[in-house]
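Protein chains in written order, with the numbering used here: chain C, 278 to 601; chain E, -1 to 368. Reading through the structure tokens given below for one structure.
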């Protein structure tokens, strides 16, 4: 396929492909049918696949997830849309106690091939509960997989792979990139749980996922002007983490900065720092640094650009790590 | 501080087809065409699941089970409802539905693993159309509702084919009616006209909390606000529970939508073997409910009215003894899981990182053992 499209369109096309290839795929969520979702990710799908397969649900997140569990037991492959990151919490119990554990509870005899799409992250000037990064809650739960797309091609392929996976997948969509620049859809996917080096470099490794990837690429470009070649890794999957790809890079660069919007403490950065320290201690020229959201509530939108990991904060971290 | 409002009536219009004294009552709205032989089968099941319960409590006392949630007093609700199910129907229990499990053909030993600590559920819901016990209160009401959505999408409702049309039956207690999940399930089932029946066993207590803590109105009356029928049935009357559940399941299969059934009963034993009822209820109340025993009334009826084999009651007693022995020896023989099995079935496809943890754990355990 040689087509250029936005991430929103790519997700829409990916969902369409999944629905065409498997009649058991159903989409469910608030406003996903007639409206096509508040972000229009499911635009036109109800018209083409009918109200039984693209389901406008009552306004109840726990029930969106809980009924998806029942549909999965019946042999369906539900794709749930949570309207905004901060609204996943009413469904938290069903995700953590049921979606994540049912396969195990049934001795592996019931599968939970449920994909939970969560428009995530900040930077859109929204009100409270509309800009959060929730991935760490789910990455800490056995039985779930957590992935984040960062560009249209990954959005197109990863959503299809997540839906086809027989395990439940939390699918993080960086909402501020939905309608950003168009990009080419690659002919074939990179396997969903693999990280990818998106820019080679030899002085420092920058690792991120989802909404921060554009900031990382921008930062690498700026650093190159000062003669620092940063290698940029798109982790793509938060859980499982593709640590071998990170280790391979760090063994060459000796320096690692992990970037995410989610708060710093007990986050993905902390986990990666621990694993890199355990497995590549003698390759490290400097401590692993983190550029993340702070351990505060998500700020009012007038403050979010300072609060979020931005170009200046990443470049500052690069300066610090190069001084070791 | 305001005085607590006690607006829950003890026994308003309640469907009863067999009095505590064993007298049949006819209800034109719930006709029950049943032979004495069939009633005898119900009696047998009531006795057997009570014996299973007795044995499980004994096994807990002996340290063979970590915990047991007793069904004593609730046998009729469970056997009545369980007998109303057809093979293709699906049941979603909480964790006390040993009687329903029995009706679905689940070997009691399959239930014991959870309480012994040898597994977390451990059997296939598809084998008997009975899902694994769900401990988070009320969560299964949504699973049942979602399953019913699947039934509708499969065209297995309202076709008129008795082998095909499928209903879903989910069980929870009076305490669960306060849960958001249960209320969300009511909303969805009503709005979607789904073939699901909600079966409350109102055993009067959520651990220590009386029903008045949960509700100002009788629980079955809640249904009307959601837009579907609610009915209160004598939960200690196996015939009434069978008739009411059968009608509700038939309605569901015939695309008439959900029903809420409140089986009005009493938890004769503590909440679990870890509970102490003396802190929250009077012994005299328990004595009152003993007079409404679900088994005694069926026995009284059969003794008086039915022409059964002379040995019938003895045969059932023998069978109960055999079941008890099966439960006792089978429980002790349940194999402990291997340490590495904790890594099984976390995912369908195990991630590499978890493979690594598994290998480390297996090495560590074998080193410690050697």
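By construction, the Cβ of each residue, glycine as well, lies at the ideal position given by its N, Cα and C atoms.
Alpha carbon of residue i to alpha carbon of residue j, nearest angstrom
i	j	result
residue 402 of chain C	residue 522 of chain C	34 Å
residue 109 of chain E	residue 117 of chain E	10 Å
residue 293 of chain C	residue 587 of chain C	34 Å
residue 390 of chain C	residue 347 of chain E	12 Å
residue 123 of chain E	residue 405 of chain C	41 Å
residue 596 of chain C	residue 573 of chain C	25 Å
residue 565 of chain C	residue 540 of chain C	16 Å
residue 7 of chain E	residue 303 of chain E	Reliability fails at residue 7 of chain E, whose pLDDT of 45 lies under 50, so the model's placement of it is uncertain and the value that follows must be treated cautiously. If you take the alpha carbons of residue 7 of chain E and residue 303 of chain E, they lie about 33 Å apart.
residue 160 of chain E	residue 59 of chain E	45 Å
residue 328 of chain C	residue 305 of chain C	10 Å
residue 119 of chain E	residue 128 of chain E	12 Å
residue 358 of chain C	residue 29 of chain E	46 Å
residue 3 of chain E	residue 264 of chain E	With a pLDDT of only 44 at residue 3 of chain E, under the threshold of 50, the placement of this residue in the model should not be trusted, and no figure is reported.
residue 152 of chain E	residue 257 of chain E	21 Å
residue 76 of chain E	residue 342 of chain E	33 Å
residue 603 of chain C	residue 145 of chain E	The requested residue 603 of chain C is not part of the displayed model; chain C covers only 278 to 601.
residue 525 of chain C	residue 428 of chain C	23 Å
residue 556 of chain C	residue 529 of chain C	14 Å
residue 571 of chain C	residue 584 of chain C	7 Å
residue 417 of chain C	residue 21 of chain E	58 Å
residue 283 of chain E	residue 291 of chain E	13 Å
Amino acids of chain C, ordered along the chain, whose beta-carbon sits closer than 7 Å to that of residue i
i	result
residue 179 of chain E	339, 343
residue 221 of chain E	Per Cβ cutoff of 7 Å: no residues; residue 221 of chain E is ~17 Å from chain C at best.
residue 189 of chain E	335
Contacts of residue i in chain E (Cβ-Cβ under 7 Å)
i	result
residue 387 of chain C	123
residue 329 of chain C	151
residue 306 of chain C	Those do not exist, as residue 306 of chain C stays about 13 Å from chain E at its closest Cβ, beyond 7 Å.
residue 325 of chain C	Within 7 Å Cβ-Cβ: nothing; residue 325 of chain C doesn't reach chain E, min ~17 Å.
Residue i - partner residues in DSSP beta bridges
i	result
residue 533 of chain C	C:482
residue 389 of chain C	DSSP, once it has assigned bridges, lists no residue as partnering residue 389 of chain C.
residue 196 of chain E	E:168, E:258
residue 507 of chain C	C:481
residue 271 of chain E	Per DSSP, none; premise fails for residue 271 of chain E.
residue 281 of chain C	C:461
residue 450 of chain C	C:396
residue 423 of chain C	C:447, C:516
Contacts that residue i makes with chain C (C-beta to C-beta distance below 8 Å)
i	result
residue 309 of chain E	Residues of chain C passing the Cβ test: none, with the nearest at roughly 40 Å.
residue 345 of chain E	380, 420, 422, 444
residue 145 of chain E	347, 348, 350, 351
residue 351 of chain E	517, 518, 520
residue 182 of chain E	335, 337, 339, 340, 343
Residue nearest to residue i in terms of C-alpha spacing, selected from the options
i	options	result
residue 388 of chain C	C:399, C:398, C:375, C:397	C:375
residue 516 of chain C	C:364, C:422, C:285	C:422
residue 471 of chain C	C:502, C:506, C:434	C:434
residue 397 of chain C	C:369, C:379, C:428, C:449	C:449
residue 299 of chain C	C:543, C:352, C:346	C:352
residue 354 of chain C	E:24, E:48, E:148	E:148
residue 486 of chain C	C:430, C:460, C:537	C:537
residue 310 of chain C	C:301, C:316, C:321	C:321
residue 92 of chain E	E:363, E:21, E:173, E:355	E:173
residue 535 of chain C	C:289, C:504, C:567	C:567
residue 313 of chain E	E:79, E:13, E:38	E:38
residue 413 of chain C	C:287, C:366, C:576	C:366
residue 533 of chain C	C:514, C:356, C:554, C:519	C:554
Contacts of residue i in chain E (Cβ-Cβ under 9 Å)
i	result
residue 375 of chain C	132, 134, 137, 138, 140, 141
residue 384 of chain C	117, 118, 119, 120, 121, 122, 130, 342, 343
residue 503 of chain C	The contacting residues do not exist; residue 503 of chain C stays about 36 Å from chain E at best.
Helix, strand or coil at residue i [DSSP, three-state]
i	result
residue 42 of chain E	helix
residue 513 of chain C	coil
residue 232 of chain C	In the structure displayed, chain C extends from 278 to 601; residue 232 of chain C sits before or after that span and is not available.
residue 368 of chain E	coil
residue 50 of chain E	helix
residue 357 of chain C	strand
residue 110 of chain E	helix
residue 461 of chain C	strand
residue 179 of chain E	helix
residue 569 of chain C	strand
residue 370 of chain E	Coverage of chain E is limited to positions -1 through 368, which leaves residue 370 of chain E absent and any answer about it impossible.
heavy atom of the ligand NAD below 6 Å from residue i C-beta
i	result
residue 529 of chain C	The model depicted lacks the ligand NAD and carries no ligand whatsoever.
Residue-chain proximity (residue i, chain B), Cβ-Cβ < 7 Å
i	result
residue 185 of chain E	Among the protein chains in the structure shown, which are C and E, there is no chain B.
Contacts that residue i makes with chain E (C-beta to C-beta distance below 8 Å)
i	result
residue 371 of chain C	137, 140, 179
Neighbouring residues, chain C, relative to residue i (Cβ below 9 Å)
i	result
residue 80 of chain E	Neighbours of residue 80 of chain E on chain C: none; closest Cβ ~19 Å, over 9 Å.
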